[in-house]
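Numbering-wise, the sequence shown is residues 84 to 149 according to this note's numbering. The C-beta atom is built at its ideal place from N, Cα and C for all residues, glycine as well. These figures come from a predicted structure and were not determined experimentally.
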Amino acid sequence: TEVLAIIKKNPRLASVPFVIFSSSKESQTREYCFSLGADEFLLKPPTFDYSEFIDKLKEMYANLHT
Numbered sequence: 084t085e086v087l088a089i090i091k092k093n094p095r096l097a098s099v100p101f102v103i104f105s106s107s108k109e110s111q112t113r114e115y116c117f118s119l120g121a122d123e124f125l126l127k128p129p130t131f132d133y134s135e136f137i138d139k140l141k142e143m144y145a146n147l148h149t
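1) Got a sec, what are the start and stop residues for the beta strand (DSSP E) Val102 sits in?
2) Roughly how many angstroms lie between the CA atoms of Thr112 and Ala88, to the nearest whole one?
3) Exposed or buried, which one is Ile103 when buried takes at least 16 other CB atoms within 10 Å?
4) Straight-line CA distance for Lys92 to Leu125?
5) Is DSSP giving Glu85 helix, strand or coil here?
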């Protein structure tokens, strides 16, 4: 999350989309990541679904061009 905060403060990089992979199921962790500028938050294995990741990337890419 420290890296995310630093990157989002840089005007040249602030629009770079970020997906956070975390093993934390705590809602506070998720909320904190979104407050720092994360675009998506996915749980690491055993619940990680590769197809969900691809769907989220496609969704984020589409939103960049709208």
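Quick look at the numbers:
1) DSSP places Val102 in the uninterrupted beta strand (DSSP E) bounded by Val102 to Ser105.
2) 14 Å
3) By the 16-neighbour rule on beta-carbons within 10 angstroms, Ile103 is buried.
4) 23 Å
5) Helix, per DSSP.
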